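Have a look at the structure below, then the notes.
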Amino acid sequence: MRNIVKAPIFRIIQIVWSPIALVSYVLFVIKVIIFSRKSGVSSTTLASLYTRWMQHKLGTRLDEPAVRLMMVLPNVSHLGLRFVTGGTLLAHRLTSYVPRIYRYPYEGDPPMLHESAARTTFFDAALARHLGDIEQLVILGAGWDTRSYRMPQGIRCFEVDMPKTQQTKRQMLKKVGLDTTRITFVPADFMMEDWLEKLVHAGFEPDKPSFFLWEGVTMYLDREAVESALRKIAGTASGSVVAFDYFNADFIEARSLFMRYSRAVVNAIGEPFRFGIKSTKPSSKYMAAFLESCGLSMEEQRNFGQETDRKPAMAGFTTAIV
Numbered sequence: 000m001r002n003i004v005k006a007p008i009f010r011i012i013q014i015v016w017s018p019i020a021l022v023s024y025v026l027f028v029i030k031v032i033i034f035s036r037k038s039g040v041s042s043t044t045l046a047s048l049y050t051r052w053m054q055h056k057l058g059t060r061l062d063e064p065a066v067r068l069m070m071v072l073p074n075v076s077h078l079g080l081r082f083v084t085g086g087t088l089l090a091h092r093l094t095s096y097v098p099r100i101y102r103y104p105y106e107g108d109p110p111m112l113h114e115s116a117a118r119t120t121f122f123d124a125a126l127a128r129h130l131g132d133i134e135q136l137v138i139l140g141a142g143w144d145t146r147s148y149r150m151p152q153g154i155r156c157f158e159v160d161m162p163k164t165q166q167t168k169r170q171m172l173k174k175v176g177l178d179t180t181r182i183t184f185v186p187a188d189f190m191m192e193d194w195l196e197k198l199v200h201a202g203f204e205p206d207k208p209s210f211f212l213w214e215g216v217t218m219y220l221d222r223e224a225v226e227s228a229l230r231k232i233a234g235t236a237s238g239s240v241v242a243f244d245y246f247n248a249d250f251i252e253a254r255s256l257f258m259r260y261s262r263a264v265v266n267a268i269g270e271p272f273r274f275g276i277k278s279t280k281p282s283s284k285y286m287a288a289f290l291e292s293c294g295l296s297m298e299e300q301r302n303f304g305q306e307t308d309r310k311p312a313m314a315g316f317t318t319a320i321v
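Just so we're aligned: the sequence shown equals residues 0 to 321 in numbering that gives the first Met the number 0.
Here it is in structure tokens:
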């Protein structure tokens, strides 16, 4: 069956399933909000995990640790998850079609709805590109990231995150029988503590080239914390790399339905948007200047969607070199 036939059949199944998916999604989000407010455990990290769970289920990016972790997280309604994703998984099973939002590697200019899938491809590619030149991987604001399980044995892996979120992750990894002995966990609050000092105290060697992965975090910190973190990274070994995503400052205040909904959700769970980089076309020029002010050299920059003279890019990803 060709894609020109598969795609319409896939969409019809999704449409038929959509009333169930919509109700289930509302219940799913309500549980996320309630759990986050009660526990203090981050829920914005679920976006990346959900995408990788779906990619695994659709066979585009296999990630068994992510699948096992998703099924035990206390902030996930597993019945809700089943019904939210049921239409897509059923449609895929019947047609073998994979919608663009879950393809891997992701190709083309991503709209904001495809943010998580696009950044997964971008960061995976950046890490693979530098893997032969680094000795340490540091995942900042690690959340439910499972890339440490994809690393070769010679790479030391560190995860830095808020104490409550990290404690929950460690408990859930243990619950599903995933070995954590090769991961060094460092609890730290980016806006309140010197995370690099705690990282060094835990065994990180700043004189060895490292890859700092900072996915889906900067927009929830204030500008001072973001700049401070980048300057700390700039003080590590020559050849070290940092990869992160960011929002345009204007986009955070946008009045689109998508952003009004996004702000409502992140405010409800206590993780409001705080930081964005002011930029117009070409946004790469503004990003390069921002990184230079923090002591770093831009290696690569990509936008979410196309930018024009009248409409700047909403967000982007970048890698920078020490």
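Virtual Cβ for every residue (Gly too), placed ideally from N, Cα, C. As the structure is a prediction and not an experimental result, all values here were calculated from the model.
- Message: Assuming Val241 is part of the beta strand (DSSP E), what are its boundary residues?
- Response: It spans Val240 to Phe246 - the beta strand (DSSP E) in which Val241 sits, taken as one unbroken run.
- Item | Inter-residue Cα distance where the pair is Pro281 and Pro311 | Going from the Cα of Pro281 to the Cα of Pro311 covers about 8 Å.
- Would you grab the beta carbon distance between Gly275 and Ala248 for me? Rounded to a whole angstrom, and I think it's under 8 Å. Rounded, the Cβ-Cβ distance is 3 Å, consistent with contact.
- Message: Going by C-alpha to C-alpha distance, which of Gln13, Phe9 and Arg36 sits closest to Gly269?
- Response: The candidate whose alpha carbon is nearest that of Gly269 is Arg36.
- Message: What does DSSP give as the partner residue(s) for Arg155 in the beta ladder?
- Response: Arg155 is bridged to Gln135.
- Leaving out five residues before and five after Arg51 in sequence, what residues of the same chain have Cβ atoms less than 7 Å from its Cβ? Arg60, Asp62, Ala65 and Thr119, listed in sequence order.
- Query: CA-CA distance, Ser296 and Met286?
  - Reply: Spanning the two alpha carbons is a distance of roughly 10 Å.
- Task: State the CB to CB distance for the pair Thr164 and Leu68, rounded to an integer number of angstroms; the pair is presumed to be in contact (CB under 8 Å).
- Result: Thr164 to Leu68, Cβ: 13 Å. No contact.
- C-alpha gap between Ala6 and Glu306, whole angstroms: Cα-Cα distance, rounded: 28 Å.
- Query: Just the Cα atoms here: how many angstroms apart are Val185 and Glu196?
  - Reply: Cα to Cα, Val185 sits roughly 10 Å from Glu196.
- Item | Delimiting residues of the alpha helix (DSSP H) encompassing Gln165 | Pro162 to Lys174 is the extent of the alpha helix (DSSP H) around Gln165.
- Item | Three CB pairs or more closer than 8 Å across the region 176-184 and the region 145-159 | The region 176-184 makes contact with the region 145-159, as at least three CB pairs between them are under 8 Å.
- Ala201 by DSSP, collapsed to three states: which one? Under the three-state reduction of DSSP, Ala201 is assigned to coil, being neither helix nor strand.
- Is the beta carbon of Val31 sitting closer than 8 Å to the one on Leu45? Yes, the pair counts as a contact, with Cβ atoms nearer than the cut-off.
- Item | Segment limits, alpha helix (DSSP H) that includes Leu21 | For Leu21, the enclosing alpha helix (DSSP H) covers residues Asn2 to Ser38.
- Item | Ser338, DSSP secondary structure in three states | This structure does not reach residue 338, given that the chain is present from 0 up to 321, and the question cannot be answered.
- Item | Nearest neighbour of Arg1, chosen from Ile29, Met53, Leu93 and Glu298 [CA to CA] | It is Leu93.
- Message: Does Ile268 come out as helix, strand or coil in the three-state DSSP assignment?
- Response: Here Ile268 sits in coil by DSSP.
- Item | Identified DSSP bridge partners for Val185 | Answer is Val159.
- Query: Can you check whether the CB of Val40 is closer than 8 Å to the CB of Thr167?
  - Reply: For Thr167 and Val40, yes; Cβs fall inside 8 Å.
- Own chain, CB closer than 8 Å to Gly86, minus 5 neighbours either side, in chain order: Taken in chain order, the residues that qualify are Ile12, Gln13, Val15, Trp16, Ser17, Ile19 and Ala20.
- Which value, in whole angstroms, describes the spacing of the CA atoms of Gly107 and Pro98? In a straight line, the C-alpha of Gly107 is about 14 Å away from that of Pro98.
- Item | Three-pair Cβ contact test at 8 Å for the region 130-141 versus the region 70-78 | With the rule of 3 Cβ pairs closer than 8 Å, the region 130-141 does not count as touching the region 70-78.
- Take Asp206 and list the residues in its own chain whose beta-carbon comes closer than 7 Å to its own, dropping the five residues that flank it on each side. Here the set comprises Ala236.
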